[in-house]
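Enquirer: This is the structure I want to talk about, given as structure tokens.
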Amino acid sequence: MISFSTPIFLLGSLFIGLLSQFALATPTLVTKDVYVPPITYPTANAVWSVGEVQTVTWDVSTPPQQITNPNGRIFLRAGDRTTPLVLANNFNILDGKVNITVPNVLTRNDYSIVLFGDSGNFSPQFQIKGVDL
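Using mature numbering (1 follows the signal peptide of the UniProt record, and there is no 0), the letters of the sequence shown map in sequence onto residues -25 to -1, 1 to 108.
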């Protein structure tokens, strides 16, 4: 004679069996670090001109073993706002440098470079000689 508890026992056993198989198939997580390499160029006394090719550099001498996001992007910042101008994209953050073409912008002395990979970090403010209104 089958009791009411038999189907529940069978379903419970099946559920526990599936859970144990899932636990065995779960991959091991690797701890990754946020990497914020300091920008070494441009410096505060840099003066760029529209249309020039410049090399943005950053220090990659002490990277962590596991980097959360190794794909870099560089944006231009004007004053206290990051512009939507992508100056470089999809480079390896461990390259330590990337060439960019100075965009057609207004002359200002409060531009900075924003390097994104794991997180954003800023260069010192510098000047771009651009369009004068």
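Beta carbons: idealized from backbone N, C-alpha and C, even for Gly.
Buried or exposed for P39, going by 16 or more other Cβ atoms inside 10 Å?
Expert: Per the 10 Å Cβ criterion, exposed.
Enquirer: Of all the options D85, N65 and D70, which has the alpha carbon lying nearest to the alpha carbon of W23?
Expert: The candidate whose alpha carbon is nearest that of W23 is D85.
Enquirer: Considering D85, what are the terminal residues of the beta strand (DSSP E) in which it resides?
Expert: Note, D85: beta strand (DSSP E), R83 to F91.
Enquirer: Tell me whether T43 is buried or exposed, calling it buried when 16 or more other Cβ atoms sit within 10 Å of its Cβ.
Expert: It counts as exposed.
Enquirer: Excluding the 5 residues flanking D34 on each side, which residues of the same chain have their C-beta closer than 6 Å to its C-beta?
Expert: Contacts found: P12, P13 and T15.
Enquirer: Within the continuous beta strand (DSSP E) that includes P59, where are the two ends?
Expert: Looking at the DSSP string, the run of the beta strand (DSSP E) that includes P59 is R56 to N67.
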